[in-house]
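The sequence shown lines up with residues 57 to 252 when you count with our numbering.
In what follows, a single structure is set out as structure tokens and then discussed.
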Amino acid sequence: MIADGLHDVPAGKIAMVVTHLEMLAPATPRDVTLPQGISFRAVSPDPDWYRDIFDRVGSPWLWYGRRSLDNDGLNDILQDPGVTLHTLRKDGRDEALLELDFRQEGECELAYFGLTEALIGTGAGRFLMNEAIRLAWAAPITRLHVHTCTIDSQQALNFYMRSGFKPYKRQVEIDDDPRLVGLLPPSKGPHVPIIR
Numbered sequence: 057m058i059a060d061g062l063h064d065v066p067a068g069k070i071a072m073v074v075t076h077l078e079m080l081a082p083a084t085p086r087d088v089t090l091p092q093g094i095s096f097r098a099v100s101p102d103p104d105w106y107r108d109i110f111d112r113v114g115s116p117w118l119w120y121g122r123r124s125l126d127n128d129g130l131n132d133i134l135q136d137p138g139v140t141l142h143t144l145r146k147d148g149r150d151e152a153l154l155e156l157d158f159r160q161e162g163e164c165e166l167a168y169f170g171l172t173e174a175l176i177g178t179g180a181g182r183f184l185m186n187e188a189i190r191l192a193w194a195a196p197i198t199r200l201h202v203h204t205c206t207i208d209s210q211q212a213l214n215f216y217m218r219s220g221f222k223p224y225k226r227q228v229e230i231d232d233d234p235r236l237v238g239l240l241p242p243s244k245g246p247h248v249p250i251i252r
């Protein structure tokens, strides 16, 4: 148990508050049309494709979890039949990441969800979330869950709640700053100062 009050975060570390959310029945989709010139597709990616989209979507928000995996470890996840991946394509380039993880029986984790700057503000995020909910609940599940944290986009938590997810747990996570251990360049995540 963490006592009330301030707690020092050691130099070289980052701290974040993680909010866990869940959906126990399919939410009603919010009406949105996929913007013209953008297409939705399933992908069977290799590690190079995944690393590229993961970085373009997540590095501004210090996503680093999958960067620590070698190609074999990442490929084990990508090729697992319980994991599905989708993207939105614009001008011949994939610009979104939707990763659904069904490996826990009866559940689906919205493992990764996000857009590159090329799609932010176009309505594509709402369309992608509608597809995520539709695809997840097409499987025999009783729970769809996701988590976000305070170093992610400040829009993420409210977006998930507007999409029908309900917060159910909060945690504090402390980890090595990914920019100081070589997982991300020091220029990423300027909203989180580096303290050496």
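All residues carry an ideal CB built from backbone N, CA and C; glycine is no exception.
Check: In three-state DSSP terms, what is residue 79?
Finding: Strand at residue 79.
- Task: Below 6 Å CB to CB, which residues in the same chain sit around residue 123 once its five sequence neighbours on both sides are set aside?
- Result: Exclusion of the five residues before and after residue 123 leaves 239 as the residues of its chain whose Cβ lies within less than 6 Å of its Cβ.
Quiz item: Would you report the Cα separation of residue 83 and residue 220, rounded to the nearest angstrom?
Solution: Residue 83 and residue 220: Cα-Cα distance of roughly 5 Å.
| Which residue or residues does DSSP assign as beta-bridge partners of residue 229? | Note: residue 229 sits in a beta bridge opposite 72.
| said: Short of 7 Å in beta carbon distance, which residues of its chain neighbour residue 179, apart from the five on each side in sequence? Order them along the chain. | reply: Once the five neighbours on either side are set aside, the close Cβ partners of residue 179 are 88, 91.
Exercise. Quick one: using the 10 Å Cβ neighbour count with 16 as the cut-off for buried, is residue 214 buried or exposed?
Key: Counting Cβ neighbours within 10 Å, residue 214 comes out exposed, since fewer than 16 surround it.
For residue 120, three-class secondary structure by DSSP:
Coil at residue 120, not helix or strand.
| Taking three-plus beta-carbon pairs below 8 Å as touching, is the stretch 99–113 in contact with the stretch 175–194? | No, the stretch 99–113 is not in contact with the stretch 175–194.
- Query: Would the beta-carbon of residue 113 fall within 8 Å of that of residue 153?
  - Reply: Yes, the pair counts as a contact, with Cβ atoms nearer than the cut-off.
Check whether the Cβ atoms of residue 70 and residue 233 lie closer than 8 Å to each other.
Yes, they are a contact pair.
* Compare the Cα-Cα distances from residue 198 to each of 224, 206, 164, 174 and report the closest residue. => Nearest C-alpha to residue 198: 164.
Next item on the list: Would you identify the three-state DSSP class for residue 184, choosing helix, strand or coil?
Entry: Secondary structure at residue 184: helix, using DSSP grouped into helix, strand and coil.
| message | Buried or exposed, going by whether 16 or more other CB atoms sit within 10 Å of the CB of residue 52? | response | The structure shown does not extend to residue 52, since the chain is modelled only from 57 through 252, so no value can be given for it.
Measuring alpha carbon to alpha carbon, tell me which residue in 209, 166, 115 is nearest residue 73. Residue 73 has its Cα closest to that of 209, out of 209, 166, 115.
- Task: May I ask which residues mark the beginning and end of the beta strand (DSSP E) holding residue 110?
- Result: No beta strand (DSSP E) contains residue 110, which is instead part of the alpha helix (DSSP H) from 103–114.
**OP:** Please name the residue in 68, 118, 183 whose C-alpha comes closest to that of residue 243.
**Re:** When each option's Cα is compared against that of residue 243, the closest is 118.
* With C-beta atoms as the reference, is residue 150 less than 8 Å away from residue 109? -> Contact flag set, yes.
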